[in-house]
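S.K.:
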Amino acid sequence: MTVLLEYRGNYVNFPYLNKMEIFYRTSKQDLFFFKLNRFLTVDATFSGNLGRLINHSCKPNCFSKIVFHSRKSHIVIICLKNLKIFEELVYDYRINSDDYDYEQIICCCQ
Numbered sequence: 001m002t003v004l005l006e007y008r009g010n011y012v013n014f015p016y017l018n019k020m021e022i023f024y025r026t027s028k029q030d031l032f033f034f035k036l037n038r039f040l041t042v043d044a045t046f047s048g049n050l051g052r053l054i055n056h057s058c059k060p061n062c063f064s065k066i067v068f069h070s071r072k073s074h075i076v077i078i079c080l081k082n083l084k085i086f087e088e089l090v091y092d093y094r095i096n097s098d099d100y101d102y103e104q105i106i107c108c109c110q
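In case it helps, this note's numbering puts the sequence shown at residues 1 to 110.
What follows is the structure, given as C-alpha cells:
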C-alpha cells in the first residue's frame with residue numbers, strides 16, 4: 001500500500017458548514033467536502049488539491065484514512081494495489097443518505 005496524496009482544503013467547523021453549503025449550492029458551485037469528524041469538515045472547493053477530483057466507486061482501488069500528525073487530523077488517500085499507468089483513481093465515498101439533502105450524490109455503480 002502506498003500513500004498517494006493528502007486530501008487538502010480549508011478546515012470548517014460544523015456550525016459554518018451548512019451556511020457554506022447553501023451558499024455554494026445557490027451559486028451553482030460544485031461541493032468538495034470531506035467530513036473529518038462530527039465537528040470538522042475539509043472544504044476543498046476552492047483551496048483543495050487534486051484529491052478532490054478522485055471519483056467514487058463501489059469497487060475502489062484506493063481508500064481514505066484519517067491520520068493524526070503534528071497535532072492535526074489529515075485525510076490521506078492510499079492505494080489498495082499496484083496501479084497500472086493511466087488507471088483511474090477511485091475510492092468509496094461512504095456517503096450516508098441525508099434526508100434533508102435532495103441533491104445528494106447517488107451511487108450508480110451497479
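By construction, the Cβ of each residue, glycine as well, lies at the ideal position given by its N, Cα and C atoms.
Alpha carbon to alpha carbon, what distance is there between Asp92 and Cys79?
M.R.: Counted from its first residue, the sequence shown places residue 79 at position 79. Counted from its first residue, the sequence shown places residue 92 at position 92. Each residue's alpha carbon lies about 12 Å from the other.
S.K.: For the structure I just gave you, are there three or more beta carbon pairs, one from the segment 80 to 87 and one from the segment 12 to 25, closer than 8 Å?
M.R.: no
S.K.: Reducing DSSP to helix, strand and coil, say where Thr41 ends up.
M.R.: The count along the sequence shown starts at 1 and reaches residue 41 at position 41. Note: Thr41 maps to strand in three-state DSSP.
S.K.: For the alpha helix (DSSP H) that contains Tyr11, what are its first and last residues?
M.R.: Position 11 of the sequence shown, counted from the start, is the residue given in the question as residue 11. Taken as a continuous stretch (DSSP letters only), Tyr11 belongs to no alpha helix (DSSP H), being part of the beta strand (DSSP E) at Asn10 to Asn13.
S.K.: Output the boundary residues of the beta strand (DSSP E) element that contains Ser64.
M.R.: Along the sequence shown, read from residue 1 onward, the residue named residue 64 stands at position 64. Here the beta strand (DSSP E) through Ser64 covers Cys62 to His69.
S.K.: Would you tell me roughly how many angstroms separate the C-alpha atoms of Ile66 and Ile77, rounded to the nearest one?
M.R.: Counted from its first residue, the sequence shown places residue 66 at position 66. Counted from its first residue, the sequence shown places residue 77 at position 77. Rounded to the nearest angstrom, the two C-alpha atoms are 9 Å apart.
S.K.: For Ile95, which of helix, strand or coil comes out of DSSP?
M.R.: Taking the first residue of the sequence shown as position 1, residue 95 is located at position 95. It is coil, neither helix nor strand.
S.K.: Provide the residue span of the beta strand (DSSP E) that contains Leu4, from first to last.
M.R.: To locate residue 4, count along the sequence shown from 1; it is residue 4. Here the beta strand (DSSP E) through Leu4 covers Thr2 to Tyr7.
S.K.: Between the alpha carbons of Asn61 and Leu4, how many angstroms are there, rounded?
M.R.: Position 61 of the sequence shown, counted from the first residue, corresponds to residue 61. Position 4 of the sequence shown, counted from the first residue, corresponds to residue 4. Their Cα atoms are separated by approximately 11 Å.
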